[in-house]
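Data block below; observations after.
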Amino acid sequence: MIEREKEIAALRTVLQDATQGRGGVAVVSGPVASGKTELLHTFAQCSADSGALVLSATASRAEQSMPFEVMAQLFQPVSQSEESRRWTSGLISPEMCGKALAESDGTAAEKSSAQVMQALWMILTNLAADRPVVIVVDDLQHVDELSRDCLLYLARRLRFSRALMVLTEQTGPQHRYQAFHADLLRQPHCKRIKLAPLSEDGVRELLRERVGEERAARLAPKAHELTGGNPLLVNAVLEDHLTGVADGSGDLLLGDAFGEAVLSCLHRGDPLLLEVTRAVAVLGGAGGTELISAVLDTSAETAAQHVQALNGIGVLSHWQFRHPAAARAVLDHVTVEERSRMHVRAATLLQQDGSPNETVARHLLAAGAPLPPWAVEVLRDAAEQALFGDQTTTAVAYLELASSICVDEQERGAIMALLTSIEWQLDPSTASRHLPRLISSVWQRQLDQQHAMTMLRYLLWHGRFDEAEETMYHLDRLPVQGDPVRAAEIEFLRMWLAYSYPPLAARFARPAAVERTVPVALSTSPQHQAANVLATILSGRVDDQLVAKAEQLLQSCQLRDSTLEPLTTVLTALVYADRIPLAAQWCDSLLGEASARRAPTWQAVLSSSRAEISLRQGDLPAAAEHARTALASVSQERWGPSIGSPLASQLLAATEMGDFGEAARVLAQPVPNSTYESRYGLYYLHARGHYYLATGRPHAALNDFQVCGDLMVKWSVDLPELVPWRLDVAEVHLRVNNRDQAVAHVEDQLARIPTTPSRTRGMALRLLAEAGDVDSRPRLLAEACDVLQTVGARLELAKALTDLSEVHNTTGELDRARMVARRASSMAKACHAEPLLERGSSRQVEQHFAGRPDVIEISGAGGTSTLSDAERRVATLAAQGYTNRQIARRLFITVSTVEQHLTRAYRKLNVNRRTDLPIDIEVMTVDSA
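Residue numbers for the sequence shown follow my numbering, so the first one is 22 and each next one is one higher.
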């Protein structure tokens with residue numbers, strides 16, 4: 022009886038009045054499960070304890086059709102003798118009354134009822150002569166009609182008697198006995214007592230009795246929020262909590278008890294109350310009164326009244342369930358058929374009302390097939406909107422449903438193509454289940470050109486080259502319909518095939534010549550721009566103009582499924598042009614977008630590109646990590662031919678870091694045969710050859726490099742930026758001391774590339790120095806270092822510097838050798854190139870200077886702290902082995918300025934030459950790339 026003290030006191034007052042001959046009526050009202058019955062029983066017990074005669078009855082919805090049922094409960098037990106009991110039973114027995122009323126006409130029935138009421142009043146008067154009489158009736162809303170009339174008859178006559186009537190009723194929609202209610206409450210001796218839900222303090226008091234003060238204080242706010250103060254629900258929450266339905270923190274979690282309590286509340290109320298609750302659960306709180314009333318085919322006023330009642334019970338808060346557990350409990354007791362019917366009805370009403378397609382589609386999805394014909398268009402539109410918001414899983418669900426109900430084969434093919442495109446972003450193997458049907462659609466010309474090209478890309482991803490070739494045959498015969506954008510797409514497709522799958526491209530029809538002047542729609546197409554970039558790459562013209570084209574596309578094109586290949590193509594163009602930092606910046610941006618849009622396949626493709634970029638940067642750990650990310654984003658068995666790219670990056674990074682165990686593990690992973698029919702196989706052969714070379718198997722390495730070269734020549738993709746296979750072959754010849762062959766291959770490569778600085782040129786100069794005569798080595802290696810430093814190829818620069826330090830050591834220029842070796846060592850450490858650090862000749866240089874520490878004692882006042890920022894930068898680069906001219910170029914200053922800064926730095930540090938400069942001067946970071 023928490024927070025019910027005032028109500029008990031009020032009832033005791035009317036009992037005291039009745040004892041003194043001032044009878045009355047008390048109507049206790051409140052929401053379902055607010056404690057009315059408990060209050061009534063408590064008061065009945067108090068009345069009995071005070072000496073009053075208590076007549077009690079409980080009404081039931083199931084017994085409403087039985088006449089005088091409640092009166093029989095009240096008066097039959099008080100009959101004093103067998104004869105009196107028989108008389109009373111004959112008077113108000115539901116069975117006998119029902120039969121008598123059925124056999125009487127209206128007038129006779131009314132007369133009989135009046136006689137019964139008069140007789141019962143006489144019985145009550147006789148009982149009250151001896152002691153006060155208290156009539157208690159629970160659930161007034163379920164009382165049968167004749168008993169209700171009789172109660173009203175008695176209530177009118179209680180004012181000057183020693184009798185009291187206490188009735189309980191539920192608040193909420195009560196349409197069946199409004200006249201009775203109005204007549205009863207207007208009686209001057211009738212008192213109304215309203216029960217409110219428990220306050221938060223009341224909930225805390227209820228919990229305190231079970232869990233103690235401290236836990237009650239902590240749990241009460243949440244318990245009150247979940248239940249609205251409904252005592253039954255509060256007790257259910259507590260039961261779930263005490264039976265272990267809680268997490269490790271002890272916070273409240275709701276289980277079976279709460280769900281059962283919610284259903285108990287709903288079943289106690291008006292039958293429509295449960296229907297309204299089901300509608301709210303099915304509709305998710307959307308639509309308001311109008312939608313609920315339309316779905317249930319009732320009035321908006323009635324729906325609003327029942328929602329208000331649900332708020333009073335504590336199940337809802339406004340239009341939402343207070344906790345999902347309540348909605349689940351309700352939905353668990355709605356049949357699938359009924360749910361579907363309600364959702365279809367809601368969708369139809371919303372669609373007719375002009376609601377957004379996304380709102381309508383949610384109900385269509387929940388309803389499932391079958392659906393009305395108009396649902397296909399709504400679901401397709403909603404899927405496109407979901408894609409725009411990166412809700413790919415939702416879009417897939419809409420399209421799957423649309424496909425299942427679509428009867429037009431051409432439209433269904435378009436839906437399946439879009440569905441496959443979305444699923445490919447999430448999981449290529451899932452998307453592959455649609456390929457047989459889509460292949461058939463292409464061959465039957467039921468798909469347009471755009472969807473057919475998309476499907477072709479997926480066949481290539483899975484290495485299904487025979488089906489891809491047949492699809493290309495049909496694709497080439499599909500009408501372009503004069504659409505310049507579609508023309509650009511097929512132009513790019515042909516170029517991309519020539520670059521990525523050359524054997525297949527040779528079987529594809531040659532593209533028509535592209536006019537010099539193209540429509541604006543074509544010139545701004547990402548596919549057209551990417552096709553131009555590819556055409557430039559395939560022609561071997563890697564220059565600033567190519568970089569400008571690539572940047573233009575990256576700046577203007579959004580990442581989508583149809584633009585993934587164009588974007589990765591232009592990233593490759595930046596790599597080939599040795600614009601590695603720019604390529605890394607754009608690739609990281611695209612990777613962030615792919616991650617934000619939760620597209621694992623996009624992440625895999627872009628991570629593979631990022632691994633290749635990191636290799637070119639000389640960041641070997643990052644290359645290995647990006648390759649692992651690519652292989653983790655899409656599992657290995659779901660890759661296809663393009664798996665050769667991330668595996669090659671992972672293998673080459675492990676080899677260069679000297680982690681041959683990891684390299685062997687990568688090499689043990691199976692690679693599909695289709696890989697060697699694509700450019701990804703070229704990457705893999707290149708990486709595997711370097712592993713064989715690093716592990717002492719030059720003949721195996723030479724075979725891989727020569728196979729790679731033969732394929733590149735055969736496929737007309739003999740691009741040194743793609744794979745410098747001639748330099749790879751030359752390196753093998755150097756290992757087996759076949760210098761003439763090495764020189765021939767290097768010179769062949771140099772003859773095929775421009776004289777402008779490039780990574781390939783720097784690598785070729787380094788190998789030419791190693792293969793050529795001793796006298797030319799310093800010059801060639803110095804030029805190689807200059808070139809590699811200019812393009813930022815750190816790993817290759819570290820190799821060239823190591824070679825240069827060995828040359829200086831051989832010629833007796835030990836100070837210069839040590840200075841260059843320190844710079845080479847610093848760069849090799851930055852790249853994590855352990856084999857390069859362990860080169861024997863580097864150790865010999867360091868051994869020559871044993872006892873001369875890298876960090877020397879600085880005797881000048883203030884030491885390095887006295888250097889200006891400019892002096893620190895110059896001194897740091899000088900300590901790392903850079904020449905004055907190289908320092909000037911890097912810092913964009915004159916050679917004279919470099920000399921002046923060095924002179925001041927020597928004086929402040931009290932040293933005489935750059936080889937005495939400490940290698941770890943505390944300076945602002947200078948990027949050695």
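A virtual CB, placed ideally from N, CA and C, is assigned to each residue, including glycine.
With 16 other Cβ atoms within 10 Å as the buried cut-off, status of residue i
i	result
Glu281	exposed
Phe409	exposed
Met476	buried
His62	exposed
Asn394	Looking at the sequence shown, residue 394 is not Asn but Pro. The residue is exposed, with fewer than 16 neighbouring Cβ atoms inside 10 Å.
Glu586	buried
Asp796	exposed
Arg934	exposed
Sequence-distant residues of its chain with Cβ nearer than 7 Å to residue i (five each side left out)
i	result
Val828	Arg798, Pro799 and Leu802
Glu742	Val563, Tyr597 and Thr781
Thr584	Pro547 and Cys578
Ser270	For Ser270, the predicted model reports a pLDDT of 46, less than 50, meaning its position is unreliable and no value from the coordinates is stated.
Val692	Ile664, Gly665, Leu668 and Tyr705
Gln85	His163 and Asp165
Leu481	Ala489 and Tyr522
Beta-carbon proximity of residue i to residue j, cut-off 8 Å
i	j	result
Ala674	Leu641	yes
Ala851	Thr823	no
Ser971	Thr589	Residue 971 is absent from the structure shown; the chain starts at 22 and stops at 950.
Val158	Ala80	yes
Lys212	Val355	no
Asp732	Ile558	What sits at residue 732 in the sequence shown is Leu, not Asp. Not closer than 8 Å, so no.
Val154	Leu74	yes
Leu219	Ile23	yes
Phe726	Asp761	no
Met437	Arg458	yes
Val428	Cys286	no
Pro778	Thr811	yes
Gln94	Ala69	no
Met92	Leu161	no
Leu240	Leu273	yes
Asn511	Gln470	Correcting the residue identity first, residue 511 is Ile in this sequence and not Asn. A contact, by the Cβ cut-off of 8 Å.
Three-state secondary structure assigned by DSSP to residue i
i	result
Ser338	strand
Ile23	coil
Asp159	strand
Gln657	helix
Glu412	First, the amino acid is wrong: residue 412 is Gln here, not Glu. Looking at Gln412 - three-state DSSP - the assignment turns out to be coil, as it is neither helix nor strand.
Gln191	strand
Met186	strand
Val568	helix
Cys171	helix
Ser699	coil
Leu274	coil
Arg906	helix
Thr887	helix
Leu652	helix
Val738	coil
Gly45	strand
Val841	helix
Leu801	helix
Gly51	strand
Ala78	strand
Other residues of its chain near residue i: CB distance less than 6 Å, five sequence neighbours each side excluded
i	result
Glu633	Ser670
Met568	Inspection of the sequence shows that residue 568 is occupied by Val rather than by Met. Contacts found: Ala598 and Arg600.
Leu352	Ala302
Close Cβ partners of residue i (< 8 Å) along its chain, the five nearest in sequence each way excluded
i	result
Arg617	Residue identity differs from the one stated: residue 617 is Ala in this sequence, not Arg. The residues are Asp411.
His707	Ala669, Leu673, Asp725, Phe726, Cys729, Val744, Trp746 and Asp749
Arg177	Gln208
Gly72	Arg152 and Pro153
Thr622	Trp445, Gln446, Leu447, Asp448, Pro449, Ser654 and Val655
Integer-rounded CB distance, given that residue j should sit under 8 Å from residue i
i	j	result
Leu611	Leu627	5 Å
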